[in-house]
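Chemist: Shown below is the structure under consideration.
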Amino acid sequence: MSYIERREVLSAGLVSLASFIIGGPLTPKVAAESRRSIFDAHLHIPSDNGENFQWNLVTPTMPEFVAYLDKCGVKRGVISSSWSNKAKSPEDYRNGNNEVAKYSERYKGRFRGSCVITPHRIDDALSEIERCRKELGFVWLGECCNYMTGYKYDTPEWTQVMKLATELNMVLQIHTTTAEMRYLAENFPNATIVFPHLGSNLKDISERIEIVARHKNTHLELSGSGHERVGIVEKAVNEIGADRVLYGSDFTINEPSGVIMRVKNAFLTKEERDKILFGNLERLLAKAAAG
Ligand SMILES: [Zn+2]
230 MSYIERREVL
240 SAGLVSLASF
250 IIGGPLTPKV
260 AAESRRSIFD
270 AHLHIPSDNG
280 ENFQWNLVTP
290 TMPEFVAYLD
300 KCGVKRGVIS
310 SSWSNKAKSP
320 EDYRNGNNEV
330 AKYSERYKGR
340 FRGSCVITPH
350 RIDDALSEIE
360 RCRKELGFVW
370 LGECCNYMTG
380 YKYDTPEWTQ
390 VMKLATELNM
400 VLQIHTTTAE
410 MRYLAENFPN
420 ATIVFPHLGS
430 NLKDISERIE
440 IVARHKNTHL
450 ELSGSGHERV
460 GIVEKAVNEI
470 GADRVLYGSD
480 FTINEPSGVI
490 MRVKNAFLTK
500 EERDKILFGN
510 LERLLAKAAA
520 G
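The letter at position 208 of the sequence shown is residue 437 when you use the working numbering, and the numbering goes up by one with no holes.
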């Protein structure tokens, strides 16, 4: 073996060793594939404190969580912590956000971290959003779920959250009723908002699609119920446009591959399907990071 051959073997070995340690794609070929791989806008990791939204635990650890996503073909995603969503104190959501930072680093290139706060002690919440953006590098805030710890969106405190996230150029992902969705879309036209969930009946779904269609700063994400009704993904794209419809699964609660299959089988162009499955999320994250 020549010197050059030996050097190539050695460098290939180092790349695969580094890839094994980091758990992320490093070779140019894999990196090129990953740029077109499915990107999930809505993932809740199994928390280190045992908090997990899954109704009957079958993926209780992070390696099992990742293995299940592999099975579904989900190679990238935005992760948040259920520890933060269920926070009883600022310390809880700080711990949750820290574990998200830890796993984003451990699975670098695969997961992007998201900050979650509750606004009960607003000064702490605002400081935590700043910390997540400036120290942890998160550009995503959510999924914010007011029903979990009992807060409302039409309050002066939540207005402060919306304003700070907008100033910091972060994407807000907010779980809402249809009335809450309308309120946020109408009152915060400068915020970049992703609303998860199509809705549970046709009236609800039609109204939610109509709200997003009318407010160009908002986006609709397909997790939960509604997408499984054939024709609804097409309806969302026809009325909103393919640029503001995003794939998300809400795993560990919901099955990722159901949404993926519906998007793949939808009566849409390949370009539209690619936008939904990874392109739009990539664009939102890049735009937020650039700001
Ligand atoms: Zn969720």
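Virtual Cβ for every residue (Gly too), placed ideally from N, Cα, C.
Nothing here was measured: the structure is a model prediction, and the numbers come from that model.
(1) Mapping the DSSP letters down to three states, classify Gly371 as helix, strand or coil.
(2) Where does Val287 fall in DSSP's three states?
(3) In the structure shown, what three-state DSSP assignment does Ile422 receive?
(4) Please report the straight-line C-alpha distance between Lys504 and Pro385, rounded to a whole angstrom.
(5) Do you know how far the Cα of Val423 is from the Cα of Ile438?
(6) To the nearest whole angstrom, what separates the beta carbons of Leu475 and Glu450, a pair I think is in contact under 8 Å?
(7) Are there 16 or more other CB atoms within 10 angstroms of the CB of Val287, so buried, or fewer, so exposed?
(8) What is the residue span of the alpha helix (DSSP H) that Ala408 lies within?
(9) Can His444 and Pro418 be called in contact, C-beta distance under 8 Å?
(10) I need the straight-line Cα distance from Ala414 to Thr347, nearest angstrom please.
(11) Just the C-alpha distance for Gly279 and Lys300, rounded to the nearest angstrom, thanks.
(12) Would you report the Cα separation of Leu514 and Asp353, rounded to the nearest angstrom?
(13) Which residue spans inside the region 271-327 form an unbroken beta strand (DSSP E) run of at least 3?
(14) Given that a residue counts as buried once 16 or more other Cβ atoms are within 10 Å of its Cβ, and exposed if not, what is Ser343?
(15) Let me have the residue list for ligand 1: C-beta closer than 5 Å to any non-hydrogen atom, ordered along the chain.
(16) Could you tell me if Pro292 is buried or exposed, where buried requires 16 or more neighbouring beta carbons within 10 angstroms of its beta carbon?
(17) Please name the residue, chosen from Ser311, Arg305, His271, that lies closest to Asp277 on a Cα-to-Cα basis.
(18) Taking DSSP's pairing of strands, which residues face Phe480 in a bridge?
(19) What did DSSP end up calling Leu365 once you bin it into helix, strand or coil?
(20) Looking at the secondary structure, which residues open and close the beta strand (DSSP E) in which Gly342 lies?
(21) Name, in chain order, the residues that DSSP records as bridge partners for Thr447.
(22) Starting from Ile461, follow the alpha helix (DSSP H) in both directions and report where the run begins and ends.
(23) Given a threshold of 16 other Cβ atoms within 10 Å of its Cβ, counted over all protein chains shown, does Gly508 qualify as buried or as exposed?
(24) With a cut-off of 8 Å, do at least 3 Cβ pairs link the region 396-413 to the region 365-376?
Modeler: Walking through what the data contain:
(1) In the structure shown, Gly371 sits in a strand (DSSP, three-state: E or B).
(2) Of the three classes helix, strand and coil, the one that applies to Val287 here is coil, per DSSP.
(3) Three-state result, Ile422: strand.
(4) Rounded to the nearest angstrom, the two C-alpha atoms are 35 Å apart.
(5) For Ile438 and Val423, the gap between their C-alpha atoms comes out near 12 Å.
(6) Indeed, because the Cβ distance is near 4 Å, the residues count as touching under 8 Å.
(7) With fewer than 16 other beta carbons inside 10 angstroms of its own, Val287 counts as exposed.
(8) For Ala408, the enclosing alpha helix (DSSP H) covers residues 407-416.
(9) Contact flag set, yes.
(10) Counting only the Cα atoms, Thr347 lies some 20 Å from Ala414.
(11) Taking the straight line joining both Cα atoms gives about 23 Å.
(12) Cα-Cα distance, rounded: 25 Å.
(13) The beta strand (DSSP E) runs of length 3 or more contained entirely in the region 271-327 are, from start to end of the chain, 303-310.
(14) With a 10 Å radius around the Cβ and a threshold of 16 neighbouring Cβ atoms, Ser343 comes out buried.
(15) Per the Cβ criterion, the list is Glu372, Asp479.
(16) Residue environment for Pro292: exposed (fewer than 16 other C-beta atoms within 10 angstroms of its C-beta).
(17) The shortest C-alpha separation from Asp277 is found at Ser311.
(18) Partner(s): Leu272.
(19) Note: Leu365 maps to coil in three-state DSSP.
(20) For Gly342, the enclosing beta strand (DSSP E) starts and ends at 340-344.
(21) Here Thr447 is bridged, per DSSP, to Ile422.
(22) Per DSSP, the continuous alpha helix (DSSP H) segment holding Ile461 begins and ends at 461-469.
(23) Looking at its Cβ environment, which holds 16 or more other Cβ atoms inside 10 Å, Gly508 is buried.
(24) With three or more CB-CB distances shorter than 8 Å, the region 396-413 counts as touching the region 365-376.
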